[in-house]
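Chemist: Numbering (the working numbering), first residue to last: -19 to 352.
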Ligand SMILES: *Cc1c(COP(=O)(O)O)cnc(C)c1O
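#1: Keeping to the same chain, check which residues put their C-beta closer than 8 Å to that of residue 303; ignore five residues upstream and five downstream.
#2: Cβ of residue 359 within 7 Å of any heavy atom in ligand 1?
#3: In this structure, what does DSSP give as the bridge partners for residue 249?
#4: With a threshold of 7 Å (Cβ to nearest heavy atom), would residue 349 be considered close to ligand 1?
#5: Whole angstroms is fine: what's the gap from residue 22's alpha carbon to residue 144's?
#6: Return the CA-CA distance between residue 89 and residue 1, expressed in angstroms with no decimal places.
#7: Would the beta-carbon of residue 158 be found less than 7 Å away from any heavy atom of ligand 1?
#8: Grab the span of the alpha helix (DSSP H) containing residue 230 for me, first residue to last.
#9: By how many angstroms is the C-alpha of residue 112 removed from the C-alpha of residue 252?
#10: Using a Cβ cut-off of 8 Å (strictly closer), state whether residue 11 contacts chain B.
#11: Rounded to whole angstroms, what is the Cα-Cα separation between residue 67 and residue 36?
#12: Give the straight-line distance between the Cα atoms of residue 432 and residue 345, rounded to the nearest whole angstrom.
#13: Residue 30 and residue 182: beta carbons closer than 8 Å?
#14: Below 8 Å between beta carbons: does that hold for residue 228 and residue 249?
#15: So, at 7 Å on beta carbons, what are the nonlocal neighbours of residue 79 in its own chain, with the 5 sequence-adjacent residues on each side left out?
#16: Using a threshold of 7 Å, is the CB atom of residue 131 nearer than that to any non-hydrogen atom of ligand 1?
#17: Which same chain residues end up closer than 7 Å to residue 281 when comparing Cβ atoms and leaving out the 5 residues on each side of it in sequence?
#18: Where does residue 53 land, buried or exposed, given buried means 16+ other C-beta within 10 angstroms?
#19: If you compare alpha carbons, which of 148, -4 and 188 is closest to residue 214?
#20: Verify the contact flag: residue 213, CB atom, against every heavy atom of ligand 1, threshold strictly below 7 Å.
#21: Whole angstroms is fine: what's the gap from residue -6's alpha carbon to residue 219's?
#22: Comparing C-alpha positions only, which one of 278, 243, 256 and 237 sits nearest to residue 331?
#23: Considering Cα atoms alone, identify which of 126, 301, 34 and 310 is closest to residue 159.
#24: Counting only the same chain and skipping the five closest in sequence on each side, list residues whose C-beta sits under 7 Å from that of residue 286.
#25: So what does DSSP say about residue -15, is it helix, strand or coil?
#26: Please determine whether the Cβ atom of residue 324 lies at a distance below 7 Å from any heavy atom of ligand 1.
#27: Between the alpha carbons of residue 295 and residue 276, how many angstroms are there, rounded?
#28: Using the rule of at least 16 other Cβ atoms within 10 Å of the residue's Cβ for burial, across every protein chain shown, is residue 239 buried or exposed?
#29: Would you tell me roughly how many angstroms separate the C-alpha atoms of residue 148 and residue 128, rounded to the nearest one?
#30: Apart from the five residues on each side of it in sequence, which residues of its chain come closer than 6 Å, Cβ to Cβ, to residue 271?
#31: From the DSSP output, in three-state form, read off residue 221 for me.
#32: Pull up the DSSP beta-bridge partners for residue 30, would you.
#33: Could you give the C-beta distance for residue 162 and residue 258, rounded to a whole number, given that I count them as a contact under 8 Å?
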């Protein structure tokens, strides 16, 4: 059975982990510093990189660092993973959902505009599947309305925008290194920030609010959590990061194969390509009703042919928590349509061309049963 995602891990990660385990220093230390500096080199921008224990922690720390809290609103796309909106709730602020573009699944400037209020303090573009959101237009709106821009770049380590790496510029950019992402530290994440003030805040937020003076005297000046990334994870991240560009190139080859070879059928909608796309996921939309079937039957038939699929994502505003906060069906039609029609196909660097073609053949056989 082909999974929809699979981490790429080799003997070098195991070797580096063993070295850290034997070193006597397994928590945050020299490997963390090396990983942060390698990430900063990779991004090649002016940002300071602070690694944390997850992408979710990165979003929480970034939002908390801005001072956003109760009474404030943050605009979040409804088509994302729950963590994007949950992180806003963590600060006491209110996530205000926006619809997304049906094809790219990304937040649009028009969507942000429609969600603006007097209380809006920030906007959170999510670079869906690794395709950069329209940052130029979102930055322009942010400047005009004095909003912070907290990018959920969980899918987008290795992605580019207008020729520059995502995370090389911006306001606050949050990465995840969870197992399904373009590189993994098992669990882990990072915030890239572009002001000393944000960096100081996040430094304290990630470790008990502790600061040290020049003599090493410890003080606690504010609340901080426990979000530091251990050296065991950082050592894995160093090995992974060195392979990121090659892996993104392989993801692109596979995406091009799918785009060229998947059947042309009015009920099947392929994702748009874009320069800088890192193809963390390959998500299609299927009009199951037009095929006279439903998604669970279709997925079962794919599984019979050895193909497992994912569902990214149910629209966040319709989860129980967010319905309780006012979300209702019809609020965000594109996100809702994607939520019911989406399938995530196998996509990971070690997927072979032959395996990708077996996915294509499975779609061929299921769709050819129904006249176009
Ligand atoms: C994975 C993911 C997160 C959370 O990252 P973790 O490292 O799992 O905490 C946040 N947002 C999106 C869009 C994600 O895919």
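Glycine included, C-beta positions come from ideal geometry on N, C-alpha and C.
Modeler: Looking at the coordinates:
#1: 297.
#2: In the structure as shown, the chain begins at -19 and stops at 352. Residue 359 is therefore absent and cannot be evaluated.
#3: Here residue 249 is bridged, per DSSP, to 265.
#4: Short note on residue 349: C-beta not closer than 7 Å to any heavy atom of ligand 1.
#5: Near 11 Å, if we compare the C-alpha coordinates of residue 144 and residue 22.
#6: Rounded to whole angstroms, residue 89 to residue 1 spans 48 Å at the Cα level.
#7: Checking the Cβ of residue 158 against ligand 1 gives yes.
#8: According to the DSSP assignment, residue 230 belongs to the alpha helix (DSSP H) that extends over 224 to 241.
#9: C-alpha of residue 252 to C-alpha of residue 112: approximately 12 Å in a straight line.
#10: Within the model displayed, chain B is absent; a lone protein chain is all it includes.
#11: Their backbone Cα atoms lie some 7 Å apart in a straight line.
#12: Lying outside -19 to 352, the shown extent of the chain, residue 432 is not represented and no answer is given.
#13: For residue 30 and residue 182, yes; Cβs fall inside 8 Å.
#14: No, Cβ-Cβ distance for residue 228 and residue 249 is not below 8 Å.
#15: Excluding residues within five positions, the ones whose Cβ falls inside 7 Å are 58, 91, 312, 313, 314 and 315.
#16: Outside the cutoff, so no.
#17: Closer than 7 Å at the Cβ level, and outside the excluded window around residue 281, lie 346.
#18: Per the 10 Å Cβ criterion, buried.
#19: If you compare the alpha carbons of 148, -4 and 188 with that of residue 214, the shortest gap goes to -4.
#20: No, Cβ of residue 213 sits at least 7 Å from all heavy atoms of ligand 1.
#21: Their backbone Cα atoms lie some 10 Å apart in a straight line.
#22: Of the candidates 278, 243, 256 and 237, the residue whose Cα lies closest to the Cα of residue 331 is 237.
#23: Out of 126, 301, 34 and 310, 34 has the C-alpha closest to the C-alpha of residue 159.
#24: If the five residues before and after residue 286 are omitted, its C-beta is found closer than 7 Å to the C-beta atoms of -19, -18 and 338, all from its own chain and listed in chain order.
#25: In this structure, DSSP gives residue -15 a state outside helix and strand, which the three-state scheme calls coil.
#26: For residue 324, the Cβ stays outside the 7 Å cut-off from all heavy atoms of ligand 1.
#27: So the alpha carbons of these two residues sit roughly 18 Å apart.
#28: Exposed, by the Cβ-count rule.
#29: Those two C-alpha atoms are separated by around 17 Å.
#30: Here residue 271 has 247 and 350 as same chain residues with Cβ atoms under 6 Å from its own Cβ, once five neighbours each way along the sequence are excluded.
#31: In the structure shown, the three-state DSSP call for residue 221 is helix.
#32: Answer by DSSP bridge pairing, in chain order: 171.
#33: With 8 Å as the limit, residue 162 and residue 258 qualify as a contact, their Cβ atoms being about 6 Å apart.
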